[in-house]
Amino acid sequence: AQDKPDGQWRGNAGAAAAVTSGNSSSETLAFTGDLVRATAGDKITLLGNVNYGRAKVDGVKKTNTDKWAGSGQYDLNFTPSLYGFGKAGLESDRIAKLSLRTTLAGGVGYKLVDTPTMAFSLFGGAGWSTDKYSETETIGDKTDTRFSRFSLLVGEEYSQQLATNTTFKQRLEVYPGLSGDKAVLARFNAGLAVAMTSAMSLNVGLTDNYNSKPPLEQKK
């Protein structure tokens, strides 16, 4: 699905599942989706993903992955290269005891390359995020269930049509905290799609989330 500026909604949705049984057993489920509507003047982007997994070892079954995330962004073109944007996101990670993270951000971006086969842009701005945990946590010198921060936002986005049926997309967002716990949050997404038919494609994706100041006893 290419971001053609014709006002039509275009998107991708993918799902994967795996089940094993024997001396140990496990079930995993993953879902990703994106939806884009672009015109000559603006663009709407919606993204979502879900990851869930359970494993049974020595007769004990535990959930080892239970997370989801969703976001929406609106871009308004000021010139063919310069645009402003507003973005909102929600995410949850039950294993990390993160009940809900809410993020609001806005800023400006610049399209360094914008052709039918390749696009590359840089963007920056500011954001506000709030983390709500299901249990009392300690981050730095604060112990609570809710942590908030004002952050800067810097990032880049790149996409390229590698072949007639192959498309690569990648996006990086970094939020250096300026207040609250001053945590640095980062999100990286990359995906390669190979079209097999007009409606079905093979997708390979990578998602990496980073938090420089997680609660005690949790990895970054």
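Going letter by letter, the sequence shown gives residues 643 to 862 in this note's numbering. Glycine is no exception: its CB is placed at the ideal position from the N, C-alpha and C atoms.
Give me the DSSP bridge partner(s) of residue i.
i, result
"glycine 751", "Tyr725 and Phe765"
"asparagine 693", "Ala672 and Lys709"
"asparagine 851", "Arg829"
"glycine 819", "Ser793"
"leucine 677", "Gly653 and Leu688"
"serine 801", "Ala761 and Lys811"
"alanine 658", "Ala672"
"asparagine 719", "Tyr725"
"serine 666", "Val699"
"threonine 780", "Thr785"
According to DSSP, simplified to helix, strand and coil, what is residue i?
i, result
"aspartate 736", "Note on identity: in this sequence residue 736 is arginine, with aspartate being the wrong assignment. Three-state DSSP puts arginine 736 in coil, outside helix and strand."
"asparagine 831", "strand"
"glutamate 859", "coil"
"serine 771", "strand"
"alanine 730", "strand"
"asparagine 845", "strand"
"glycine 683", "coil"
"threonine 839", "coil"
Quick check on this structure: which residue in the options has the alpha carbon closest to the alpha carbon of residue i?
i, options, result
"valine 702", "Glu733, Val826, Asp645 and Asn665", "Asn665"
"alanine 837", "Ser790, Val846 and Lys753", "Val846"
"glycine 769", "Leu689, Gly653, Ala697 and Pro818", "Pro818"
"leucine 834", "Ser840, Leu848 and Val826", "Leu848"
"asparagine 853", "Met842, Phe830 and Asp700", "Phe830"
"threonine 687", "Val816, Ala659, Trp651 and Asn719", "Trp651"
"arginine 788", "Val796, Tyr775 and Gly675", "Tyr775"
"alanine 682", "Phe765, Pro647, Ala672 and Glu733", "Pro647"
"alanine 711", "Leu794, Tyr694, Asp700 and Phe720", "Tyr694"
"proline 722", "Thr757, Ser741 and Val699", "Thr757"
"leucine 718", "Val692, Glu669, Ala659 and Phe765", "Phe765"
"aspartate 645", "Asp700, Gly797, Asp676 and Thr785", "Asp676"
"valine 816", "Asn691, Ser793 and Ile781", "Ser793"
"threonine 759", "Thr806, Thr662 and Arg696", "Thr806"
"threonine 670", "Val692, Asp684 and Leu858", "Val692"
"serine 668", "Asp700, Asp786, Gly782 and Ser741", "Asp700"
"alanine 697", "Lys855, Glu733, Ala660 and Phe720", "Ala660"
Let's test the definition: count the other Cβ atoms within 10 Å of the Cβ of residue i and tell me whether it reaches 16, buried, or not, exposed.
i, result
"asparagine 706", "exposed"
"phenylalanine 727", "buried"
"serine 763", "buried"
"threonine 868", "Any question about residue 868 goes unanswered here, given that the chain covers just 643 to 862."
"isoleucine 737", "exposed"
"valine 678", "buried"
"lysine 811", "buried"
"tyrosine 725", "buried"
"alanine 680", "buried"
"glycine 653", "exposed"
"alanine 747", "buried"
"threonine 674", "buried"
"threonine 662", "exposed"
"alanine 825", "buried"
"threonine 780", "exposed"
Since I believe residue j is in contact with residue i (beta carbons under 8 Å), could you give me their beta-carbon distance rounded to a whole number of angstroms?
i, j, result
"glycine 822", "serine 790", "5 Å"
"lysine 709", "aspartate 735", "4 Å"
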